[in-house]
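Below is one structure, written out as structure tokens, with a few remarks after it.
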Amino acid sequence: MLITDYFKKFLHSSQSSGILLICCVAVSLLIANSALAEGFQNILNKEIGTDVFGLNYPVSIWINDGLMVVFFLLVGLEIKREIVEGELSSFKSASLPIVAALGGMIVPALIYIFFNQDSEYAKGWAIPMATDIAFSLAILSMLGKGVPLSLKIFLAALAIVDDLGAIVVIAMFYTDQIHWNYLALSGAMVAFLVVLNFLKFKKHIFYIIPGLFLWYFMHHSGIHATIAGVLMAFTIPTNISTTEISPLEKMEQKLHLPVNFLVMPLFALANTNITFKEGMVEGLFSSLGYGIVLGLVIGKLVGINLFSWIFIKLKISSLPDQSTWPQMLGTGLLAGIGFTMSIFIALLSFKGHAEIQDEAKFAVLIASVFSGVTGFLILKYLGKKESKPAAANV
Numbered sequence: 019m020l021i022t023d024y025f026k027k028f029l030h031s032s033q034s035s036g037i038l039l040i041c042c043v044a045v046s047l048l049i050a051n052s053a054l055a056e057g058f059q060n061i062l063n064k065e066i067g068t069d070v071f072g073l074n075y076p077v078s079i080w081i082n083d084g085l086m087v088v089f090f091l092l093v094g095l096e097i098k099r100e101i102v103e104g105e106l107s108s109f110k111s112a113s114l115p116i117v118a119a120l121g122g123m124i125v126p127a128l129i130y131i132f133f134n135q136d137s138e139y140a141k142g143w144a145i146p147m148a149t150d151i152a153f154s155l156a157i158l159s160m161l162g163k164g165v166p167l168s169l170k171i172f173l174a175a176l177a178i179v180d181d182l183g184a185i186v187v188i189a190m191f192y193t194d195q196i197h198w199n200y201l202a203l204s205g206a207m208v209a210f211l212v213v214l215n216f217l218k219f220k221k222h223i224f225y226i227i228p229g230l231f232l233w234y235f236m237h238h239s240g241i242h243a244t245i246a247g248v249l250m251a252f253t254i255p256t257n258i259s260t261t262e263i264s265p266l267e268k269m270e271q272k273l274h275l276p277v278n279f280l281v282m283p284l285f286a287l288a289n290t291n292i293t294f295k296e297g298m299v300e301g302l303f304s305s306l307g308y309g310i311v312l313g314l315v316i317g318k319l320v321g322i323n324l325f326s327w328i329f330i331k332l333k334i335s336s337l338p339d340q341s342t343w344p345q346m347l348g349t350g351l352l353a354g355i356g357f358t359m360s361i362f363i364a365l366l367s368f369k370g371h372a373e374i375q376d377e378a379k380f381a382v383l384i385a386s387v388f389s390g391v392t393g394f395l396i397l398k399y400l401g402k403k404e405s406k407p408a409a410a411n412v
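Counting from 1 along the sequence shown, just add 18 to a position and that's the residue number in my numbering.
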């Protein structure tokens, strides 16, 4: 009985998902640099599914483009709830993640371009623009009640905007072909979901089935399919009745455990299996390494906080409720965890150049670890020193 109680406590602890994710990262890195590496990679590359409708993909694709849609659906639900009735319900609070995300994309890209504009690495300018929403939120969750809820919502919203920006950049600069017919069908499916919301359909099945079609069309359009989760989330009803829990909250409650203890661990295992090779360390001290590391660590920190400070001083936006500038600094560093999204862009940027890809992956790993650890420490120790509400810090 005691073991069961501990297990239940672990499952419902806000820190548990972050701890589990870090353990999965460690396991994945160990496997990738051991005799098990080839076998593990074979599992990830094994195709499963059916050729009917073109649904036969490697395990890694099912995890990244399939299961991760559920993660983005959950984050989208949380953000919609906060926009409707929570921390993002005012223009000032809702606008801050958007402008912060813009700063967090522009400044890192400029830093990278400064180091690489006239080199063979120039086309990797988008690498430090990305934020790995899964890992950044996992690290923040490990702080539990040590940070205000508003800061968690701010980072989630910022990371969603950042990911949407990355998807647009990938579509415009790194995608060989966009299938407009599938993109149009995706738009039609979103419109259908909006109509269901307008007609006040409240059973989840009415949204899940069209949501699956939306994922299918989006995946075949050439645009990263995870955006389907966010789009679907924003069509789930919030206020069907004031006397019962909304469909959005019910779906949110159902998704928390599978996302935290199935989707995220599988994502970490599948995407952090980086094999360390000779020359990777040397790549850190090249213009490529400088651009990536300084872009993610300094660029994200400066871009997010500079743009936030400007818009707050102009009284267009406001700090997240009960948060402080030291906490914003820590959050800016957590946004520098580019990890899987940055690695994905690096692979697209340097197709056919395995050595450059390896150097870029190692630089992203080092920058992400440094940003994550530093951001965590600032939020845990420095962020506690000020306890004034946000309004007093503007």
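All C-beta atoms in this analysis are idealised placements derived from N, C-alpha and C, irrespective of residue type, glycine included.
Predicted model, so just to flag it, every value in this text is computed and none were measured.
Exercise. Going by C-alpha distance, which of Leu275, Ile157, Ala202 is nearest Gly350?
Worked result: On the sequence shown, residue 350 is found 332 positions in, with the first residue counted as 1. Per the Cα distances, Ile157.
Please name the residue in Thr293, Gly348, Ile263 whose C-alpha comes closest to that of Ala50.
-> Numbered from 1 along the sequence shown, position 32 holds the residue referred to as residue 50. Taking only the C-alpha atoms, the option nearest Ala50 is Thr293.
Go through its chain and collect everything with a Cβ distance to Met19's Cβ below 6 Å, but skip five positions before and after it.
-> Within the sequence shown, residue 19 is the residue found at index 1, counting from 1. Summary for Met19: the model assigns pLDDT 47, below 50, so the residue's position carries little reliability, and this model does not support an answer.
Could you have a look at Tyr139 and say whether DSSP puts it in helix, strand or coil?
For the purposes of this step, residue 139 is taken as residue 121 along the sequence shown, with counting starting at 1. Here Tyr139 sits in coil by DSSP.
query: Excluding the five sequence neighbours on either side, which residues of its own chain have a C-beta within less than 7 Å of the C-beta of Ile81, listed in chain order?
result: Locating residue 81 in the sequence shown gives position 63, where the first residue counts as 1. In chain order, Leu284, Phe285, Ala288 place their CB closer than 7 Å to the CB of Ile81, counting only its own chain and leaving out the 5 sequence neighbours on each side.
> Buried or exposed: which applies to Thr358, given that a residue is buried once 16 or more other Cβ atoms fall within 10 Å of its Cβ?
Replying inline: By one-based count along the sequence shown, residue 358 stands at place 340. Buried, by the Cβ-count rule.
_Short of 8 Å in beta carbon distance, which residues of its chain neighbour Ile37, apart from the five on each side in sequence? Order them along the chain._
Here residue 37 is taken as the residue at index 19 of the sequence shown, counted from 1. Around Ile37: Met160.
Buried versus exposed call for Phe71 [16 or more other C-beta atoms within 10 Å across all chains shown]
For this step, residue 71 is matched to residue 53 along the sequence shown. The residue in question, Phe71, is exposed, as its Cβ has fewer than 16 Cβ neighbours within 10 Å.
Next on the checklist: Quick check for students: name the residue ranges of the alpha helix (DSSP H) that lie wholly in the region 210-266, counting only runs of 4 or more.
Outcome noted: 223-239, 245-251
| message | Which of the three DSSP states is assigned to Gly67 in this structure? | response | Indexing the sequence shown from 1 puts residue 67 at position 49. Reduced to three states, the DSSP call for Gly67 is strand.
Pick helix, strand or coil for Pro126, following the three-state DSSP scheme. Residue numbering aside, residue 126 sits at position 108 when the sequence shown is read from its first letter. If DSSP states are grouped into helix, strand and coil, Pro126 belongs with the helices.
Would you give the residue range spanned by the alpha helix (DSSP H) that Tyr308 belongs to?
-> Along the sequence shown, one-based indexing puts residue 308 at 290. Tyr308 -> alpha helix (DSSP H) spans 305-312.
- Is DSSP giving Asn74 helix, strand or coil here? Residue 74 sits at position 56 when you count from the first residue of the sequence shown. Of the three classes helix, strand and coil, the one that applies to Asn74 here is strand, per DSSP.
* Asked: Should Met190 be labelled buried (16 or more other beta-carbon atoms within 10 Å of its own) or exposed?
  -> Within the sequence shown, residue 190 is the residue found at index 172, counting from 1. Met190 is exposed by the Cβ-count criterion.
Look at the alpha carbon of Ile101 and the alpha carbon of Glu270, and state the distance between them as a whole number of angstroms.
By 1-based counting over the sequence shown, the position of residue 101 is 83. By 1-based counting over the sequence shown, the position of residue 270 is 252. About 15 Å.
For this session: Check Met190 in the structure and name its three-state DSSP category.
Result: Against the sequence shown, residue 190 aligns to sequence position 172. The answer is helix: DSSP assigns Met190 an H, G or I state.
With 16 as the cutoff for other CB atoms within 10 Å, does Leu397 come out buried or exposed? Here residue 397 corresponds to residue number 379 of the sequence shown, with the count starting at 1. Buried, since its Cβ has 16 or more Cβ neighbours within 10 Å.
Exercise for review: Identify whether Pro276 lies in helix, strand or coil by the three-state DSSP scheme.
Suggested key: Your numbering for residue 276 matches position 258 in the sequence shown. Residue state, collapsed to three classes: helix.
Quick one, which of Asn257, Asn60, Leu73 has its alpha-carbon nearest Glu103's?
The sequence position of residue 103 within the sequence shown is 85, counting from 1. Comparing Cα positions, the closest option is Asn257.
Near Phe235, which residues of its chain fall below 7 Å by C-beta distance, leaving aside the five closest residues on each side in sequence? The sequence position of residue 235 within the sequence shown is 217, counting from 1. Around Phe235: Tyr200, Leu203, Ser204, Met207.
8 Å Cβ cutoff met for Ala119 and Leu169:
One-based indexing of the sequence shown puts residue 119 at position 101. One-based indexing of the sequence shown puts residue 169 at position 151. Not closer than 8 Å, so no.
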